[in-house]
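Structure first, commentary second.
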Amino acid sequence: MLNHLKTIYDDPNCVTTAKHQFRQLYMKNSDKFHDFFSEFLYLAAEAGVAEDDWKDELYTKLMTKLQELCISSSIGDGTFQEFSSAVSQTASRLEVINYRTQKNRTFTPNKEMSKGISGTGTTFKKELTPSWSTTPHTSNAERDRLMKEG
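At position 97 of the sequence shown (counting the first as 1) the number is 97 in full-length UniProt numbering, and the numbers step up by one without a gap.
Below is the structure:
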């Protein structure tokens, strides 16, 4: 019974598929490192990649910014575990920096807001109010007549 189920559900191309997916795997700027790293570990194991090669493979599949920040860790004689831990910490800090950068961009006033009178980013529209010079004057006699009418 188990053998029958294995023939139905077992993928005979599992290793080939994993190798292909592993070759295509690269971290994108939008990827979270831990999601990418989980996929990397799964595919490396499924594809049968030698564990001695994991450190170099991980480095080449990282996004460029992480590669730049982790050069010294990749060159060193450290283990894959040490290297992946250093990359994880660097990626976490980079995500915090990127979050702060995006947050600050959101609140930057635009050109229209900076033209405002108060300097707080709020634009005030100046309404014209009638003044004595723009309204017609009534004569004293007309004013007295209006006062009597009530």
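C-beta: ideal position from N, C-alpha, C; glycine also.
{"Check": "Thr16: first and last residue of the uninterrupted alpha helix (DSSP H) it sits in", "Outcome": "14-24"}
{"Check": "Glu51: first and last residue of the uninterrupted alpha helix (DSSP H) it sits in", "Outcome": "Glu51 -> no alpha helix (DSSP H), and no H or E assigned at all."}
{"Check": "Met147, buried or exposed, once every other Cβ within 10 Å from all chains shown has been counted against 16", "Outcome": "exposed"}
{"Check": "Alpha carbon of Tyr42 to alpha carbon of Ser92, nearest angstrom", "Outcome": "21 Å"}
{"Check": "Proximal residues to Leu66 (C-beta, below 8 Å), its chain only, five neighbours per side dropped", "Outcome": "Met27, Phe33, Val87, Thr90, Ala91, Leu94"}
{"Check": "Sub-8 Å separation of Val15 and Glu57 beta-carbons", "Outcome": "no"}
{"Check": "Whole-number beta carbon distance between Ala44 and Phe22, since they are thought to touch under 8 Å", "Outcome": "6 Å"}
{"Check": "Simplified DSSP assignment, three categories, for Asn29", "Outcome": "coil"}
{"Check": "DSSP state of Asp11 mapped onto helix, strand, coil", "Outcome": "coil"}
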